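To convert, count from 1 in the sequence shown and add 299; that's my numbering. Glycine included, C-beta positions come from ideal geometry on N, C-alpha and C. Here the structure is a predicted model, which means the values were calculated and not measured. Here the structure is laid out as structure tokens; the discussion comes afterwards.
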Amino acid sequence: MSKHTVKTIKAMHDKKETITMLTAYDFPTAKKVNDAGIDMILVGDSCAMVVHGHPNTLTATMDMMVLHCAAVARACDRTMVIADMPFGSFQYGIEETMRNAARFVTEAKVDGVKFEATPHHIEKTEAIVKMGIPVVGHVGLHPQAVGALGGLKVQGKDIETARKVVSEAIALQEAGAFAIIFEAVPAKLSEWVTNRLSIPTISIGGGPGCSGQLLVTHDVLGMYDNFTPSFAKRYREVGQLMLDTFKQYKEEVLTGVFPAKENCYSMSDEVMEAIEK
Ligand code: KIV
Ligand code: NA
Numbered sequence: 300m301s302k303h304t305v306k307t308i309k310a311m312h313d314k315k316e317t318i319t320m321l322t323a324y325d326f327p328t329a330k331k332v333n334d335a336g337i338d339m340i341l342v343g344d345s346c347a348m349v350v351h352g353h354p355n356t357l358t359a360t361m362d363m364m365v366l367h368c369a370a371v372a373r374a375c376d377r378t379m380v381i382a383d384m385p386f387g388s389f390q391y392g393i394e395e396t397m398r399n400a401a402r403f404v405t406e407a408k409v410d411g412v413k414f415e416a417t418p419h420h421i422e423k424t425e426a427i428v429k430m431g432i433p434v435v436g437h438v439g440l441h442p443q444a445v446g447a448l449g450g451l452k453v454q455g456k457d458i459e460t461a462r463k464v465v466s467e468a469i470a471l472q473e474a475g476a477f478a479i480i481f482e483a484v485p486a487k488l489s490e491w492v493t494n495r496l497s498i499p500t501i502s503i504g505g506g507p508g509c510s511g512q513l514l515v516t517h518d519v520l521g522m523y524d525n526f527t528p529s530f531a532k533r534y535r536e537v538g539q540l541m542l543d544t545f546k547q548y549k550e551e552v553l554t555g556v557f558p559a560k561e562n563c564y565s566m567s568d569e570v571m572e573a574i575e576k
């Protein structure tokens with residue numbers, strides 16, 4: 300199977316095949332996501348939280364994201380890799396936004412970019428698409444607006460925010476986005492919008508009516524204990540497995556079980572005897 304592109308994702312959508320997407324931030328994890336046959340990876344700015352331990356995503360920087368994106372892109376010969384543009388990388392004008400989008404493609408070799416575009420950023424979406432860089436939109440909850448929203452909350456339960464989800468999704472499609480992420484949006488609303496768009500919608504807390512599903516890998520693996528959103532599913536408790544493993548290692552070191560003979564290098568008696576003299 301060759302690498303996913305905007306064309307193969309569109310073909311999946313035309314055939315009504317469900318698109319699968321996960322986040323990844325490092326080479327070994329991205330390799331497993333790729334090998335599991337997941338269609339797309341988002342190198343999310345959630346990286347600032349789940350990898351770097353910051354309280355929210357606002358501290359992610361271009362340099363941080365480019366470094367993680369490059370590691371992920373090196374692991375993917377099948378999965379399409381999308382870079383999440385961090386806060387401050389698309390707010391200061393079209394040219395700077397274009398330059399930052401280009402950095403992800405030239406330095407990190409990702410296949411596309413995503414950003415938390417509001418109606419103020421539609422021209423920027425168009426400009427990046429015109430450069431030839433595939434763009435994924437993002438509606439509903441914008442975690443970079445955590446301060447303005449007063450917390451990470453579902454968007455679209457009232458008429459005002461529901462209208463915002465609908466109009467932003469349409470504007471993003473018209474601007475040339477090839478897919479749109481629906482984050483923390485009531486399932487009925489996501490499904491209604493999905494049925495009115497021609498491009499695929501990807502749900503993260505947007506319900507089953509979207510064209511695909513996305514989760515943060517650290518949630519899926521049970522590796523991030525600070526906060527698990529209600530829309531996420533912890534498939535495994537890898538964090539617990541790590542904790543148990545590190546405890547066992549400590550125990551074995553203290554009791555002399557590790558290192559065993561097979562973990563040691565041998566040498567000839569002659570060399571040792573010469574040294575002892
Ligand atoms: O940073 C991220 O992981 C994201 C998803 C939650 C959509 O933007
Ligand atoms: Na993000």
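In angstroms, rounded to a whole number, what distance separates the CA positions of Phe557 and Ile479? Rounded to the nearest angstrom, the two C-alpha atoms are 50 Å apart.
Any idea if Lys327 is buried or exposed, counting beta-carbon neighbours within 10 angstroms, 16 or more meaning buried? Note on residue identity: the sequence assigns Pro, not Lys, to residue 327. Exposed, since its Cβ has fewer than 16 Cβ neighbours within 10 Å.
Going along the chain, which residues of its own chain have a beta-carbon closer than 6 Å to the beta-carbon of Gly521, five neighbours each way excluded? Correct list, in chain order: Arg533, Arg535, Glu536, Val537 and Gly538.
Pro528: CB within 7 Å of a non-hydrogen atom of the ligand NA: Checking the Cβ of Pro528 against the ligand NA gives no.
Should Gly411 be counted as a contact of the ligand NA given a C-beta to heavy atom distance under 7 Å? Every heavy atom of the ligand NA is 7 Å or more from the Cβ of Gly411, so no.
Shorter than 7 Å, the distance from the beta carbon of Ile503 to the closest heavy atom of the ligand KIV, or not? Relative to the non-hydrogen atoms of the ligand KIV, the Cβ of Ile503 comes within a distance shorter than 7 Å of at least one.
Same chain only: Cβ atoms within 8 Å of Ala401, ignoring 5 sequence neighbours per side: Hits under 8 Å: Met430 and Ile432.
Does the distance between the C-beta of Ser345 and the nearest non-hydrogen atom of the ligand NA fall short of 7 Å? Within the cutoff, so yes.
Indicate whether Val349 and Tyr523 have their beta-carbon atoms separated by less than 8 Å. Taking C-beta atoms as the reference points, Val349 and Tyr523 count as a pair closer than 8 Å.
Closer than 7 Å: is that where the CB of Asp383 sits relative to any heavy atom of the ligand NA? A heavy atom of the ligand NA is found nearer than 7 Å to the CB of Asp383.
Taking the alpha helix (DSSP H) that Glu364 belongs to, which residues open and close that run? Rather than Glu, the amino acid found at residue 364 in this sequence is Met. Met361 to Ala374 is the span of the alpha helix (DSSP H), which, as asked, contains Met364.
Whole-angstrom distance between Lys309 and Lys315, CA atom to CA atom: Roughly 10 Å separates the two Cα atoms.
Between Asp543, Glu473, Ala474 and Val438, which has its C-alpha nearest Val464's C-alpha? Per the Cα distances, Val438.
Cβ shell of Leu553 (< 8 Å), same chain only, five flanking positions each side left out: So the list is empty, once near-sequence residues are dropped.
Can you look up Ile432 in the DSSP assignment and give me helix, strand or coil? Residue state, collapsed to three classes: coil.
Let me confirm a value: Cys346 is counted as buried when at least 16 other C-beta atoms fall within 10 Å, else exposed. Which label applies? A residue is called buried once 16 or more other Cβ atoms fall within 10 Å of its Cβ, and Cys346 is buried on that count.
Please confirm whether any heavy atom of the ligand KIV lies closer than 7 Å to the CB of His437. Checking every heavy atom of the ligand KIV against the Cβ of His437, one is found closer than 7 Å.
Near the ligand SAH: Thr356 beta-carbon under 7 Å from a heavy atom: Inclusion of the ligand SAH in the displayed structure is not the case, the ligand content consisting of the ligand KIV and the ligand NA alone.
When you compare the CB positions of Ala359 and Cys368, do they come within less than 8 Å of one another, or not? Not a contact, by the Cβ cut-off of 8 Å.
Pair within 8 Å by beta-carbon distance, Phe386 and Gln443: The criterion of a C-beta distance shorter than 8 Å is satisfied by Phe386 and Gln443.
The ligand KIV heavy atoms versus the CB of Val515: any closer than 7 Å? Yes, the beta carbon of Val515 sits closer than 7 Å to at least one heavy atom of the ligand KIV.
Run the CB neighbour count on Leu616, radius 10 Å, all protein chains shown included, and call it buried at 16 or more, exposed below. Residue 616 is absent from the model: the chain starts at 300 and stops at 576.
Reduced DSSP secondary structure (H/G/I, E/B, other) of Phe386: Note: Phe386 maps to coil in three-state DSSP.
Grab me the residues of Ile496's own chain with a C-beta within less than 8 Å of its C-beta, minus the 5 sequence neighbours each way, in chain order. It is worth fixing the name first, because residue 496 is Leu in this sequence and not Ile. Leaving aside the five residues that flank Leu496 on each side, the residues in its chain whose CB is nearer than 8 Å to its CB run, in chain order, Ala468, Ile469, Gln472 and Ile479.
Backbone secondary structure at Met454 - three-state DSSP: Per the sequence shown, the amino acid found at residue 454 is Gln instead of Met. Of the three classes helix, strand and coil, the one that applies to Gln454 here is coil, per DSSP.
Burial state of Glu415 (16 or more Cβ within 10 Å): In this structure Glu415 is buried. Its beta-carbon is surrounded by 16 or more other beta-carbon atoms within 10 angstroms.
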